[in-house]
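Scroll down for the structure; my scribbles are underneath it.
Residue numbers (our numbering), protein chains in the order written: chain E, 1 to 645; chain H, 646 to 721.
Okay, here's the thing in structure tokens:
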């Protein structure tokens, strides 16, 4: 992989100095980045990769004025010997490019309470001619452990200035800023001297470990310092054989409740605000302009505003998800969750942390895709993002309940339960298929998980991270969602060729939308539901699954049932159509339809979230995988069902 | 001298690593502090049949496969 070099100028006449933050996982690197940059940051994938990098402008104030710096938060890395695409990017950007593309100053973030491990990366960084400053975090944790680091002695041993930083103290950031400003004018230091015997393959590492040991002389450990910190006391329960999984399930239950039960009323309120006051205000305004009742009004109110409304309803849900993610991550609990789930998840070929996005997926797929961020390896993020659409979200549940009640009466509950079992089977099965085709090299990895000390998350930090991520989601997801909703409106407003009616005043069965659905319908004949009502419901289901029911209500011109378990008149029409399209094998066709509904693309917002997390190409791959799986399964279900019924 | 794996070290005791070459990610283990000569405190069992290890101030959870691949010096 070759990464695009760091772009620092972006057209500016004078070159903005580039400052890169690097460090091991869990050393407080991102916390420092947030402290330096504040809320004005851009989070996005590095061009050509699915590795996330945060960038910001860091305004250095000094005696001679304000100096803007380009600050970049590189992915966490234990060393410059990469074991994941994320670590590879860090390596490429630090030492893989030509010297004039490299950062002007590297800020190496080290954890005072866990210094020995952080120094290995420093030993490698010092093998290059590079301006370097060491930012030391977690001195409070170190003090609790009876560990004291002499910053001056460490600076002398490392050959670079050492600055203690603390996210609770503004002053510490100012000291770091001054040090960076000074370094910018200093000459590039020589690489450290090395004694390496070229014939010995392990000599390079031995030299680094000797250097680390030498630098560790700066650390003094208080006599009788105890191992048993409060982190160890919590971990006695959090990673314990029986209690650990129970605590984990309780945490997951809470995450699920918050992303479903707590988010739902907020979503509903925003939805009725957009479809109510906002839409009628827009109609009134358009009326003043003399556009009332025209296709322009229809397009703006039912196309654009409805599209924005769809997008907006995701905002509280995504914000809650990002708050939860940053709480789980910065508190340190996520590492424990990974330990507890590792064995069970490995049995189905996924790392322990993939549990979180998959659980969230049963509530809503859109935040679940964003939750794949918890996986430290880009390949694992892609694989999990491809599996999340097969988790049966709560919007699909509404349709299952209505269809179940219509066709199976008292057995509807069993049918719905069966759909959930199928959903889990699909996640496991498709995961296995993908791993044995696309990622054969990923292999059965061993588990080695660092357990950082527990931290109380800082509200300001959680706020900054949530805001930056929600904003990034809106920027990348917004376009797709609004355009799709507007496009469906246009299709349903334009009369099909040869049909009566005028623009924005056409019965739905005469519209271009119905013509499109009718054209697609034959593709579903082998699955037993090749009928335009069913296909148009599926097309609308691409915007949002819960819209399937309202689409049926519209195309059958029937009342939308207030309670999906009482389908009423709509149910009768559905029964008649499924019986006709399946040639009498209604049950088989209904099961095929439900299977298709479960497996095909969840909704346009999920695609948008995928585009943001894993890029357009993988989003299209996911689309292809979902559609082909859904169609093949639906056909198989109908054909087998027809034979046995 | 018969080899003892980290898996056989009783919980609550400390052992000195002697050989990590059987592990597929020995280099990464070394970077994280698990290298020959390191004192490893076997702290407790985890839910997946693994252990939480203490290497100096850091804590690491490892699985059974890893424990089986790490050899320690037999107790004196």
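In this text, a Cβ means the ideal position worked out from N, Cα and C, and glycines have one as well. Fair warning: this is a prediction, and the values are worked out from it, not measured in the lab.
| field | Inter-stretch contact (C-beta, 8 Å, three-pair minimum) for the stretch 609-627 of chain E and the stretch 34-50 of chain E | value | yes
| Mind pulling the chain E residues with CB within less than 9 Å of residue 672(H)? | 79, 81, 83 and 205
| message | Quick check on the DSSP output: what are the complete beta strand (DSSP E) runs of length 3 or more inside the stretch 36-122 of chain E, in order along the chain? | response | 41-45, 52-62, 65-73 and 105-111
| Could one say the Cβ of residue 351(E) lies closer than 8 Å to chain H's Cβ atoms, at least one of them? | Chain H contact via Cβ: absent.
| Mapping DSSP to helix, strand and coil, what is residue 606(E)? | helix
| field | Nearest-angstrom Cα separation, counted from residue 368(E) out to residue 700(H) | value | Taking the straight line from one Cα to the other gives about 35 Å.
| field | Per-residue burial, residue 193(E) [other beta carbons within 10 Å of its own, 16 or more giving buried] | value | exposed
| field | Within chain H, the residues that residue 688(E) reaches when beta carbons sit closer than 8 Å | value | Beyond the ends of chain E as shown, which are 1 and 645, falls residue 688(E); an answer cannot be given.
| query | Quick one: does residue 654(H) have its CB under 8 Å from some CB of chain E? | reply | no
| field | Which residues DSSP lists as bridging residue 23(E), in chain order | value | 109(E)
| query | Going by C-alpha distance, which of 670(H), 668(H), 669(H) and 651(H) is nearest residue 661(H)? | reply | 651(H)
| task | Could you tell me whether the Cβ atoms of residue 337(E) and residue 113(E) are closer together than 8 Å? | result | no
| query | Listed from N- to C-terminal order along the chain, which residues in the stretch 447-468 of chain E have their beta-carbon within a distance smaller than 7 Å of any beta-carbon of chain H? | reply | Cβ contacts with chain H: 447, 448, 449, 450 and 451.
| query | So which residues of chain E does residue 697(H) contact, with C-beta pairs closer than 9 Å? | reply | 232, 235, 239, 339 and 451
| request: Take the Cβ of residue 475(E) as the centre, count every other Cβ of all protein chains shown within 10 Å, and call the residue buried at 16 or more, exposed below. | output: exposed
| said: Excluding the 5 residues flanking residue 314(E) on each side, which residues of the same chain have their C-beta closer than 7 Å to its C-beta? | reply: Taken in chain order, the residues that qualify are 366 and 605.
| query | Looking at residue 457(E) and residue 86(E), is the spacing between their C-beta atoms short of 8 Å? | reply | Against a cut-off of 8 Å, the Cβ pair of residue 457(E) and residue 86(E) comes out as no contact.
| said: So the candidates are 682(H), 659(H), 654(H) and 693(H); which of them puts its Cα closest to the Cα of residue 243(E)? | reply: 693(H)
| query | Buried or exposed: residue 656(H), going by 16 or more other Cβ atoms within 10 Å of its Cβ? | reply | exposed
| residue 686(H) lies in the beta strand (DSSP E); which residues open and close that run? | That run of the beta strand (DSSP E) goes 684-690.
| task | Per DSSP, which residues does residue 220(E) bridge with? Please list them. | result | Looking at the DSSP assignment, residue 220(E) forms a beta bridge with 148(E).
| query | Is the Cβ-Cβ distance between residue 142(E) and residue 107(E) less than 8 Å? | reply | Annotated as distal: residue 142(E) and residue 107(E), with beta-carbon spacing of 8 Å or more.
| task | Can you tell me which of the three DSSP states residue 577(E) falls into? | result | helix
| request: Output, in chain order, the set of chain H residues within a Cβ distance shorter than 7 Å of residue 145(E). | output: 702
| By a C-beta neighbour count over all protein chains shown, 10 Å radius and 16 as the cutoff for buried, is residue 40(E) buried or exposed? | exposed
| query | Would DSSP call residue 165(E) helix, strand or coil? | reply | Coil, per DSSP.
| task | For residue 649(H), decide whether its Cβ has a neighbour in chain E, counting only Cβ atoms nearer than 8 Å. | result | False, the Cβ-Cβ gap to chain E never drops below 8 Å.
| field | Beta-carbon proximity of residue 158(E) to residue 23(E), cut-off 8 Å | value | no
| Ordered along the chain, which non-local residues of its own chain (more than five positions away) have a Cβ less than 7 Å from that of residue 363(E)? | Hits under 7 Å: 256, 259, 260, 393 and 394.
| field | CB contact flag (residue 601(E), residue 627(E), <8 Å) | value | yes
| When you check each C-beta in the stretch 706-721 of chain H against every C-beta of chain E, which residues fall closer than 7 Å? | Answer in chain order: 706, 707, 708, 710 and 711.
| task | Could you confirm whether any beta carbon from chain E is found closer than 8 Å to the beta carbon of residue 669(H)? | result | yes
| Do residue 473(E) and residue 430(E) have their CB atoms nearer than 8 Å? | no
| What did DSSP end up calling residue 316(E) once you bin it into helix, strand or coil? | helix
| Would the beta-carbon of residue 595(E) fall within 8 Å of that of residue 633(E)? | Their beta carbons are under 8 Å apart, which means residue 595(E) touches residue 633(E) by this criterion.
| request: Could you check what DSSP says for residue 447(E) in three-state terms: helix, strand or coil? | output: coil
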